[in-house]
Ligand SMILES: O=C(O)CCC(=O)C(=O)O
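Numbering (the numbering used here), first residue to last: -2 to 378.
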């Protein structure tokens, strides 16, 4: 999917190149990457958990194999093919009903090539306070591109199967407890020479002032990489910032003199690696002026106690108090994901989700139909 491109960071290019190189060196020095490892007792290896809690992110290497990556790539090609011909169009470039058209739940997010759609705006609760530098896109670039797709598991069974990956779910249990619950799922698409930036921010809306707030209160996101990610197109994280109840992003940027935060490091992945990023960590990504695509399968999990009885943040859907029924309804997707994965990879030992011990979830035609607009039930805290 690569093609030569000619855009760069303009007046910021030299400084940006130096920053990317330096960030890469600092990222590899952190000691927070490697395959998913378990102890003899089957627990996620404590070294992994130590490094995750120390840094606020971890890179699991080699999680998704060739066959699985090929499935994902086929689905992504299909999704890209079915996008509206342009923003607002109900049909794709071939005149078919476009992906996302007529849906109730938010699905497609558009941005001008290389722009920063959220930075410095009041969108998403104003949590992206500083606009990133917006490089000039090529003159033949489209007016707007899709850079984010929400509710992504309804559009890709391969992504659903990744969601049911037994080792990733074991990590979710080790971090958030065996009764962990879903957050949301998304695809971040960073086209070469076009992909938008995501301004520095941290996620989480509901628990910053809770008396029992801690470094894990707002959960984490897995970020599965189809083509890998580089310092130029990947997410950057300020290590350790997930442990801070308060941060002042405008002051951080002002002190740095640009959005190149000196302590931030890039998440660097090969195809098939899956990063795990604490939502409370300060993170963001730059406009993709590189030659490389990034397609991230993003899916998050929370602690049940962070969600049960909590008034949702109202960002991903209508704010309501999340009760046990709502959580159970949303968590059915974990059951479907495990079952759909079992059908595709029968030799693998499936994950057993503790809250589903007495339930059976079958990935069949009814289940598929029931996924439409499923993200109206996202657990947004
Ligand atoms: O993938 C990206 O560029 C941004 C991801 C992000 O901000 C998130 O997962 O919260």
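For glycine and all other residues, C-beta sits at the position ideal for the given N, C-alpha and C.
Own chain, CB closer than 6 Å to residue i, minus 5 neighbours either side, in chain order
i           : result
residue 310 : 202, 203, 377 and 378
residue 352 : 176
residue 364 : 333
From the options, residue whose alpha carbon lies closest to that of residue i
i           : options               : result
residue 188 : 71, 167, 352 and 224  : 224
residue 345 : 330, 252 and 337      : 337
residue 234 : 14, 20 and 5          : 20
residue 372 : 297, 293 and 271      : 297
residue 268 : 259, 277 and 291      : 291
residue 170 : 118, 213, 87 and 312  : 213
residue 274 : 95, 120, 364 and 293  : 293
residue 339 : 352, 328, 361 and 324 : 361
residue 315 : 271, 375, 270 and 331 : 375
residue 341 : 159, 295, 22 and 179  : 159
residue 334 : 322, 349 and 51       : 349
residue 217 : 226, 272 and 131      : 272
residue 117 : 198, 154, 161 and 184 : 198
residue 139 : 132, 84 and 88        : 84
residue 6   : 129, 367, 184 and 148 : 129
residue 125 : 131, 73 and 114       : 114
residue 102 : 178, 183, 47 and 86   : 183
residue 219 : 71, 299 and 210       : 299
residue 240 : 215, 211 and 222      : 211
residue 252 : 321, 127, 51 and 157  : 127
residue 331 : 181, 65 and 22        : 181
Residues near residue i by beta carbon distance below 7 Å, same chain, minus five either side
i           : result
residue 45  : 34 and 55
residue 205 : 242
residue 24  : 262, 263 and 265
residue 167 : 41 and 348
residue 108 : 114, 141, 142, 144 and 193
CB-CB length for residue i against residue j, believed under 8 Å
i           : j           : result
residue 250 : residue 256 : 6 Å
residue 104 : residue 146 : 6 Å
residue 53  : residue 282 : 15 Å between Cβ atoms; not a contact.
residue 100 : residue 370 : 6 Å
residue 286 : residue 135 : No, residue 286 and residue 135 are not in contact; Cβ-Cβ is about 10 Å, not under 8 Å.
residue 132 : residue 11  : Incorrect: roughly 13 Å between the Cβ atoms, too far for contact.
residue 142 : residue 93  : So it is not a contact: roughly 19 Å between Cβ atoms.
Residue i burial status per 10 Å Cβ neighbour count (16 or more: buried)
i           : result
residue 318 : exposed
residue 30  : buried
residue 61  : buried
residue 327 : buried
residue 151 : buried
residue 49  : buried
residue 111 : buried
residue 357 : exposed
residue 165 : buried
residue 120 : exposed
residue 95  : buried
residue 17  : buried
residue 245 : exposed
residue 308 : exposed
residue 39  : exposed
residue 47  : exposed
residue 200 : buried
residue 207 : exposed
residue 71  : exposed
residue 222 : buried
Sequence-distant residues of its chain with Cβ nearer than 8 Å to residue i (five each side left out)
i           : result
residue 231 : 263, 264, 265, 266, 282 and 291
residue 258 : 197, 233, 235, 249, 250 and 279
residue 59  : 32, 267, 269 and 270
residue 229 : 17, 283, 285, 286, 287 and 289
Point to revise | Around ligand 1, Cβ to any heavy atom closer than 6 Å, ordered along the chain | key: My final list is 185, 195, 200, 218, 232, 280, 282, 293 and 295.
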